[in-house]
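Residue numbers (this note's numbering): 2 to 514.
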Amino acid sequence: MLVLFETSVGYAIFKVLNEKKLQEVDSLWKEFETPEKANKVVKLKHFEKFQDTAEALAAFTALMEGKINKQLKKVLKKIVKEAHEPLAVADAKLGGVIKEKLNLSCIHSPVVNELMRGIRSQMDGLIPGVEPREMAAMCLGLAHSLSRYRLKFSADKVDTMIVQAISLLDDLDKELNNYIMRCREWYGWHFPELGKIISDNLTYCKCLQKVGDRKNYASAKLSELLPEEVEAEVKAAAEISMGTEVSEEDICNILHLCTQVIEISEYRTQLYEYLQNRMMAIAPNVTVMVGELVGARLIAHAGSLLNLAKHAASTVQILGAEKALFRALKSRRDTPKYGLIYHASLVGQTSPKHKGKISRMLAAKTVLAIRYDAFGEDSSSAMGVENRAKLEARLRTLEDRGIRKISGTGKALAKAEKYEHKSEVKTYDPSGDSTLPTFSKKRRIEQVDKEDEVIEKKAKKAKVKIKALLVCEHLGKPTVSQAFVKWMTRKTQGDKIQQLLPSGSLQSELQTS
Numbered sequence: 002m003l004v005l006f007e008t009s010v011g012y013a014i015f016k017v018l019n020e021k022k023l024q025e026v027d028s029l030w031k032e033f034e035t036p037e038k039a040n041k042v043v044k045l046k047h048f049e050k051f052q053d054t055a056e057a058l059a060a061f062t063a064l065m066e067g068k069i070n071k072q073l074k075k076v077l078k079k080i081v082k083e084a085h086e087p088l089a090v091a092d093a094k095l096g097g098v099i100k101e102k103l104n105l106s107c108i109h110s111p112v113v114n115e116l117m118r119g120i121r122s123q124m125d126g127l128i129p130g131v132e133p134r135e136m137a138a139m140c141l142g143l144a145h146s147l148s149r150y151r152l153k154f155s156a157d158k159v160d161t162m163i164v165q166a167i168s169l170l171d172d173l174d175k176e177l178n179n180y181i182m183r184c185r186e187w188y189g190w191h192f193p194e195l196g197k198i199i200s201d202n203l204t205y206c207k208c209l210q211k212v213g214d215r216k217n218y219a220s221a222k223l224s225e226l227l228p229e230e231v232e233a234e235v236k237a238a239a240e241i242s243m244g245t246e247v248s249e250e251d252i253c254n255i256l257h258l259c260t261q262v263i264e265i266s267e268y269r270t271q272l273y274e275y276l277q278n279r280m281m282a283i284a285p286n287v288t289v290m291v292g293e294l295v296g297a298r299l300i301a302h303a304g305s306l307l308n309l310a311k312h313a314a315s316t317v318q319i320l321g322a323e324k325a326l327f328r329a330l331k332s333r334r335d336t337p338k339y340g341l342i343y344h345a346s347l348v349g350q351t352s353p354k355h356k357g358k359i360s361r362m363l364a365a366k367t368v369l370a371i372r373y374d375a376f377g378e379d380s381s382s383a384m385g386v387e388n389r390a391k392l393e394a395r396l397r398t399l400e401d402r403g404i405r406k407i408s409g410t411g412k413a414l415a416k417a418e419k420y421e422h423k424s425e426v427k428t429y430d431p432s433g434d435s436t437l438p439t440f441s442k443k444r445r446i447e448q449v450d451k452e453d454e455v456i457e458k459k460a461k462k463a464k465v466k467i468k469a470l471l472v473c474e475h476l477g478k479p480t481v482s483q484a485f486v487k488w489m490t491r492k493t494q495g496d497k498i499q500q501l502l503p504s505g506s507l508q509s510e511l512q513t514s
């Protein structure tokens, strides 16, 4: 029986010398304790060595896919067919392919697995001519090459560089803002009018670096940095400036800060170009869809391009707005419609009422582009360009209100009701905290005065009615009319009722009423 044994150095074919020892599977390992014992069980018949790591990678890739390499096919035809013996293989799938292609009988069993394990333990002694150092180097190189192949790894597709570059770009922006703010404030004590005339930060620092002291602006030539009108305005402002005088040492420190700002700005420009090139090499379709900055921030937020490819479209849509999402879920309010994807150009040029819809469609197409870039073998951006054209057409349709009816003439606009989420959660009303009236103090005083007048009038009417009843009772009249009460009101006006009792006018008025 022959044994096919694959190594990182080449193919080895062994001849089994004593097949009786293979019957005892449990004690077979004892026959391979030493190289001398192993040489009594198996003997090397042929060894086909690989020329380099690339050839070894091609051979093992074919073995993993269940195929026969040309080199292995040549060896099997030359050695095994001439021997007319069965071939022991470690992989049952490979044995089936060999039997189908070359019409050779192949054996795969637990005994063969134990035999392979024993050969592997004494490989250095069974295969002469191969040094252990060479074997270890080939094993390491083949392992790395095989891992790259299995992961579809490419040196140009290292997304770690993108994560570091976008993080450094954000840090540079923060530092530049701090430096420029400090520079404007510092030099503003000497020449405060310059900050209002020159709004561009880089131009401001270059002017400072070229001129320095405020007194030098009259003779300085700034035509390379500023237009003629602005240059004349700067020189006129320098002559009548209200700034304080500073020493040469102060100017030197300010100029050194300006130099730092200019150098950091130039490096930021260089870093941005590097980021653009890396994004076009690693994720060209994502770059076309959302831009290099938004795409790089999405990759950095997820950790890698592969992790980002595992996210759903709804997750990519709100990636970067996690705090707002959990706050909305906790308070049972509307969840955010977009996160980092809000800064994409397609969302930015959309009207506010369509931003949520466009961000949802853009997230769906962006996820397709991410997965195509992560797992696809093609590095072109044709797919991203096509999807972006579809989104732009959809955006134009929404902006022009071009959603037409399917049935009928197709000229009328479709009547789509706006969806509004009606939440049943009751919000807290702070107006019930205070029991005091909400009107002003002046109004409160006027209202109290009016209430006092009303109460006083009611009291007067009650007194007059009581007086009328007393008069009627005195004169023997059981009831009193309303006209009599009014007459009593006019006549009494606070007088005592006893003064009216003997008068004849009272009796005559009572009789007429």
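Glycine included, each C-beta is placed from N, C-alpha and C at the ideal position.
| Item | Value |
| --- | --- |
| Residues of its chain near L203, where Cβ-Cβ distance is below 6 Å and the 5 sequence neighbours each way are ignored | S266 |
| Through-space distance from E457 to G495, alpha-carbon basis | Confidence at G495 is low in this model, with a pLDDT of 45, below 50, so the placement of that residue is unreliable and no value is reported for it. |
| Proximity to D374 [Cα-Cα], best of A144, G385, Q350 | G385 |
| Sequence-distant residues of the same chain with beta carbon closer than 6 Å to T336, five excluded per side | L326, A329 |
| L272: CB within 7 Å of a non-hydrogen atom of the ligand GDP | This structure does not include the ligand GDP; it has no bound ligands of any sort. |
| Pairwise C-alpha distance: K22 and E1 | Because the chain in this structure spans residues 2 to 514, residue 1 falls outside the shown range and cannot be described. |
| is_contact[G292, chain B] using C-beta, thresh 8 Å | In the displayed structure, chain B is absent; only one protein chain is listed. |
| Reference L45; option with closest CA among L88, Q24, L127, K38 | L127 |
| Boundaries (first-last residue) of the beta strand (DSSP E) holding V4 | 3-7 |
| DSSP three-state assignment for K44, whether helix, strand or coil | strand |
| Residues of its chain near I108, where Cβ-Cβ distance is below 6 Å and the 5 sequence neighbours each way are ignored | P87, A89 |
| Reduced DSSP category for V386 - H, G, I as helix; E, B as strand; rest coil | helix |
| Exposed unless 16 or more other CB atoms sit within 10 angstroms - verdict on S106 | exposed |
| Pair within 8 Å by beta-carbon distance, L272 and L169 | yes |
| V231 (DSSP reduced to helix, strand or coil) | helix |
| Beta-carbon proximity list for G403, same chain, < 7 Å, skipping 5 on both sides | Here the model assigns G403 a pLDDT of 47, short of 50, so the residue's position is not dependable, and the following value carries that caveat. Within the same chain, G403 has no close Cβ partners at all. |
| Limits of the unbroken beta strand (DSSP E) element including V17 | 11-17 |
| Cβ-Cβ distance between D171 and L306 below 8 Å | no |
| Proximity below 8 Å, CB of L18 to CB of V42 | yes |
| Environment of L141 [buried if 16+ CB atoms lie within 10 Å] | exposed |
| Exposure label - C1; buried when at least 16 CB within 10 Å | Limits of the chain in this structure are 2 at one end and 514 at the other, which puts residue 1 out of reach. |
| Residue environment, H145, which counts as buried when at least 16 other CB atoms sit within 10 Å | exposed |
| Straight-line Cα distance separating T367 from Y218 | 53 Å |
| Sheet register partners of C107 (DSSP bridge) | L88 |
| For G340 and D401, the rounded distance between their alpha carbons | 26 Å |
| Cβ pair count under 8 Å reaching 3, the stretch 268-284 against the stretch 294-302 | yes |
| Distance between G96 and V76 (C-alpha atoms, nearest Å) | 15 Å |
| Nearest-angstrom Cβ-Cβ length linking A370 and N286, presumed shorter than 8 Å | 4 Å |
| S200 to F376 span [Cα, whole Å] | 46 Å |
| Of the listed residues Y180, S9, T270, S352, nearest to V131 (C-alpha basis) | S9 |
| Range of the contiguous alpha helix (DSSP H) that encloses P285 | 285-291 |
| Proximal residues to S408 (C-beta, below 7 Å), its chain only, five neighbours per side dropped | Annotation note: pLDDT 46 at S408 (below 50); position unreliable, no value reported. |
| Helix, strand or coil at K68 [DSSP, three-state] | coil |
| Identity of the residues DSSP links to K50 by a beta bridge | G11 |
| Supposed close pair L223, E232 - CB separation, criterion 8 Å | 5 Å |
| Spatial distance of V262 from L396 (CA atoms) | 41 Å |
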